[in-house]
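Notes for the one structure printed next.
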Amino acid sequence: MDVLDTLKKEWQNKEQKFPKLSYNDIYSMLLKKSSSMVKWIFIISICELLLWILISIFLFPESSKQFTEAMGLKTFMLISSTVSYVVVAIFIYLFYRNYKTIQVTSTVKQLMESILKTRKTVRYFVYFNIGISALGLIAMNIYLYFNQEQLANVLSSTQEYGAIPAENLTHVFFIAQLIVGTIFIGLLMLFYYLIYGLMLRRLKHNYRELKKIEL
Numbered sequence: 001m002d003v004l005d006t007l008k009k010e011w012q013n014k015e016q017k018f019p020k021l022s023y024n025d026i027y028s029m030l031l032k033k034s035s036s037m038v039k040w041i042f043i044i045s046i047c048e049l050l051l052w053i054l055i056s057i058f059l060f061p062e063s064s065k066q067f068t069e070a071m072g073l074k075t076f077m078l079i080s081s082t083v084s085y086v087v088v089a090i091f092i093y094l095f096y097r098n099y100k101t102i103q104v105t106s107t108v109k110q111l112m113e114s115i116l117k118t119r120k121t122v123r124y125f126v127y128f129n130i131g132i133s134a135l136g137l138i139a140m141n142i143y144l145y146f147n148q149e150q151l152a153n154v155l156s157s158t159q160e161y162g163a164i165p166a167e168n169l170t171h172v173f174f175i176a177q178l179i180v181g182t183i184f185i186g187l188l189m190l191f192y193y194l195i196y197g198l199m200l201r202r203l204k205h206n207y208r209e210l211k212k213i214e215l
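Numbering (UniProt numbering), first residue to last: 1 to 215.
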């Protein structure tokens, strides 16, 4: 047996070890992976909503509750929280609908459209959550800024700010609000980048693979 025959035999053995995938095999694999990603987006969004509800009920400090009541912010907090929960619930429903839609797709084009739709919904979900958090903090601090006299009276009776001189009280408060608010929004953005960003990148990869087999 010459060298060429030996090489041919080795190549045939390699082909047997690594069988070629058909069009349907690749489509089924990408469908399964995409469906799994959308399902996890749906599950994580539910867990996130439940987490915020649990925090607001059980982990919200009593001192913060007393502060919002003393400053007349209780109604504002209730309305903003309710609106946020309702909108997030709508997004969760959309994620569920996307998951059900992607499960019954039968063509590459339909699957690609479902992936694009899911990616768009996730982006809007992230933008809303970050936006509503930032706007809520800004609106609350604007209200507090225009009610500084009442704010100073409330803060002077608290343990955290009681030792601060009266002339510096509100300044220290707003600086602390700026620092804490920036850290909170930054952590929120990091969370969405790590969790939902990973899901979006995987869906984007699946979309590119589908585009290849469509061509």
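Backbone N, C-alpha and C fix where the C-beta goes; we use that ideal spot for every residue, glycine too.
Buried versus exposed call for residue i [16 or more other C-beta atoms within 10 Å across all chains shown]
| i | result |
| --- | --- |
| ASN206 | buried |
| THR118 | buried |
| SER56 | exposed |
| ASP25 | exposed |
| LYS8 | With a pLDDT of only 48 at LYS8, under the threshold of 50, the placement of this residue in the model should not be trusted, and no figure is reported. |
| LEU31 | buried |
| LEU155 | buried |
| SER157 | exposed |
Whole-number beta carbon distance between residue j and residue i, since they are thought to touch under 8 Å
| i | j | result |
| --- | --- | --- |
| TYR196 | VAL126 | 6 Å |
| ALA152 | ALA166 | 7 Å |
| LEU200 | VAL122 | 6 Å |
| TYR85 | LEU49 | 7 Å |
| PHE174 | ASN141 | 7 Å |
Endpoints, alpha helix (DSSP H) assigned at residue i
| i | result |
| --- | --- |
| MET140 | 108–145 |
| THR82 | 74–103 |
| GLN66 | 62–70 |
| LEU151 | 148–156 |
Notebook entry, point to check: Counting Cβ pairs closer than 8 Å, one from the segment 32–49 and one from the segment 92–108, do we hit at least three?
Noted result: With the cut-off at 8 Å, the segment 32–49 and the segment 92–108 touch.
Next item on the list: Kindly confirm or deny that the segment 164–178 and the segment 100–115 touch, where touching means at least three C-beta pairs closer than 8 Å.
Entry: At 8 Å Cβ cutoff, the stretches do not touch.
Item checked: Sufficient close CB pairs (3 or more, under 8 Å) joining the segment 186–203 to the segment 129–136 -> Enough Cβ pairs lie closer than 8 Å, so yes.
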